[in-house]
Amino acid sequence: MRRPPGPKPHFLIGNMPLASSDSLQTFLRWSQMFGDVFYYRAIWLHVYFLNDPDLIEWVLIRNSQNFLKDRVVQNSRWFFGKGLLTNEGDSWLRQRRLSQPAFHRERVASYARVMTAYTEEMLQSWRPGETRDIHQDMMQLTLRVVVRCLFNVEAEKTDIISSAMNLLMHNATGARMLLPPIARYLPTPSMIALRHAVGQLEQTVYDIIAARRASSADSGDLLSMLMNVRDDDGSGMSDKQLRDEVLTFLLAGHETTALALSWTWYLLSEHPEIEQKLHAELHRVLGGRSLEFADLSALAYTDRVIKESMRLYPPAWSLARTAIEDFELRGYKIPAGANIVMSQWIMHRNPKYFPDPEKFNPDRWLDPAMQKLPRFVYFPFGGGPRQCVGNMFAMMETTLLLATMAQRFQLRMVPDHPVIPVPSFTLRPKHGMKMTLTAPASAGAQAAAVRSTNVG
Ligand code: HEM
């Protein structure tokens, strides 16, 4: 049976798009050249790239039982262990059911106050005129939020955790993504720094666990839920099992949200007319007061801004799976062990579904056609059984943090600061997000823009 079309390979290494400096553009070009499915080999790895919503649904939902998480995720188990993100099979399902209550609607609503309070606290030290790396600020803020909401403690050493995260992500970029886990024992300066950073991260996690064991309090939070589980023989989770879960939630629960915010700030800085409409909505709904959970449903334009930002800069830019058994797709035979890649970056830019796809246009979501899009045309949180468990948490947090900050400051990119999205595990700005703070637009300007949101 035929193989899908694809780029011409180098006889030895095949194709290494992730090692190139413009991998996202390369994937986009290939998807335009080869259509719904294309194939390439990266050294020994056979990659089948799906660019059609129906094929993606086939893999993520209709035949999800034939797929495991991909090699890159498997290679990250040395670090994530068997946390919810990386685990498989029955023990994954058990963990998923166990942690789900922490993400039920009412529970998530109860986190809103922490989210706005921590944001306001952060803003107290901000001054108009100063320049900051907003991406680092967003990482530290979302880290504090997730640790307080899920583990009911104050995150200490947020800077240590952020720099460990930066190192980890750096090591998951380009060809390094394909390194086997054993590579971390190499005595190179970058691996030594990585091991050190991971050690510090682990220590933070073990401190959280030890503090809770010592207090023996049941705070009703995710950590308590995990600690209260009992096996048939009555035993609870070991410290190692808890470490894997806590570390997973700590990292999966802050980095992506920080990215959603950082990319939104970037887009708003580049599109003052959209920013003005956003300010107008905030002014109209809140009139300068602090946000509460109940306000969220009135912030329709803010919601569209975030949705559109995650279309253009999806924090999770791709998902991948490894096939357990051979299967057939559109007449192509795909062998067991093949890597299947599905990319939000690519699908979200498909002109068939998004006219003028590179344009940042939050109001495109008002078009009734957008309500009828196939399920996997827009999927920032994935889909199927492995869909992001924190999606509601993330949407609420992004809205609350963005709206709270936008009421107090306008953020402008520092001129000539290069903004380059790098596809690591997540889509990160290569040189951070250097921005200057200014006071928000005058109430008069906001009032003027109110009229246009009312119309729009
Ligand atoms: C804008 C923010 C976020 C984005 C874009 C995002 C995206 C995703 C995606 C695409 C997946 C599926 C991965 C796959 O199928 O291979 C995922 C899984 C996951 N996410 Fe999120 N996420 C976000 C925020 C969060 C938050 C706030 C939490 C927790 C507080 C969280 C925890 C998780 C966990 C634990 C999984 C693994 C679920 C499982 O496999 O059962 N995420 N996320």
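Note that our numbering has the sequence shown beginning at 1, numbered continuously upward.
Cβ coordinates follow ideal geometry from the N, Cα and C atoms, glycine included.
No experiment lies behind these values; they were computed from the predicted model shown.
Evaluate residue 464 with the Cβ neighbour count: other Cβ atoms within 10 Å of its Cβ, from every protein chain shown; 16 or more gives buried, anything less gives exposed. Because residue 464 is not part of the residues shown, which for the chain are 1 to 456, the question remains open.
List the DSSP bridge partners of residue 14. 10, 42
For residue 196, does the count of other Cβ atoms within 10 angstroms reach 16, so buried, or fall short, so exposed? exposed
Residues in the same chain with beta-carbon distance under 8 Å from residue 90, minus the five sequence neighbours each way, listed in chain order, please. none
Using the three-state DSSP reduction, which class does residue 124 fall into: helix, strand or coil? helix
Assuming residue 426 contacts residue 169 (C-beta within less than 8 Å), just tell me the rounded distance between them. 7 Å
Measuring only the C-alpha atoms, how far is residue 20 from residue 231? 48 Å
State the start and end residues of the unbroken beta strand (DSSP E) segment that holds residue 410. 410-413
Limits of the unbroken alpha helix (DSSP H) element including residue 272: 272-286
Give a single yes or no on whether residue 80 has its beta carbon closer than 7 Å to a heavy atom of the ligand HEM. no
Apart from the five residues on each side of it in sequence, which residues of its chain come closer than 7 Å, Cβ to Cβ, to residue 353? 373, 377
Helix or strand or just coil, what does DSSP make of residue 448? Note on residue 448: pLDDT 48, under 50, position unreliable in the model; the coordinate value appears next. Looking at residue 448 - three-state DSSP - the assignment turns out to be helix.
Could you give the distance in angstroms between the alpha-carbon of residue 25 and the alpha-carbon of residue 214? 51 Å
Member of 436, 433, 428 whose CA lies at the smallest distance from the CA of residue 167: 428
Spatial neighbours of residue 430 within its chain, please: C-beta separation below 6 Å, excluding the five flanking residues on both sides. 420, 422
Return helix, strand or coil for residue 416, following the three-state DSSP convention. coil
Return the chain-ordered list of same chain residues with a C-beta closer than 8 Å to the C-beta of residue 255, the five sequence neighbours on each side being excluded. 139, 142, 165, 169, 315, 426
Tell me whether residue 296, by its Cβ, gets closer than 7 Å to a heavy atom of the ligand HEM. no
Under 7 Å from any heavy atom of the ligand HEM, does the C-beta of residue 387 make it? yes
Residue 13 burial status per 10 Å Cβ neighbour count (16 or more: buried): exposed
Element boundaries [beta strand (DSSP E), containing residue 328]: 327-329
In this structure, what does DSSP give as the bridge partners for residue 341? 49, 320
Alpha carbon of residue 120 to alpha carbon of residue 205, nearest angstrom: 26 Å
The beta strand (DSSP E) enclosing residue 422, as first and last residue numbers: 421-423
Through-space distance from residue 360 to residue 457, alpha-carbon basis: Given that the chain is displayed from residue 1 to residue 456, the structure contains no residue 457 and the question cannot be resolved.
Distance check for residue 396 and residue 82, CA to CA, integer angstroms please. 27 Å
Measuring alpha carbon to alpha carbon, tell me which residue in 202, 282, 259 is nearest residue 246. 202
Leaving aside the five residues before and after residue 183 along the sequence, list all residues of the same chain whose C-beta is less than 6 Å from its C-beta, in chain order. none
Is it buried or exposed for residue 402, if we count other Cβ within 10 angstroms and need 16 for buried? buried
Between the CA atoms of residue 368 and residue 283 - distance to the nearest angstrom: 27 Å
Residue burial classification, residue 233 (beta-carbon count within 10 angstroms, cutoff 16): exposed
Where the alpha helix (DSSP H) containing residue 186 begins and where it ends: Element bounds for residue 186: n/a, residue is neither H nor E.
What's the C-alpha gap between residue 66 and residue 324? 5 Å
On the CB-based measure, 16 or more other CB atoms within 10 Å of its CB, does residue 229 come out buried or exposed? exposed
Look up residue 389 in the DSSP assignment and give the residues it is bridged to. Note: residue 389 sits in no beta bridge, so no partner.
Compute every distance between the C-beta of residue 412 and the non-hydrogen atoms of the ligand HEM, then say whether any falls below 7 Å. no
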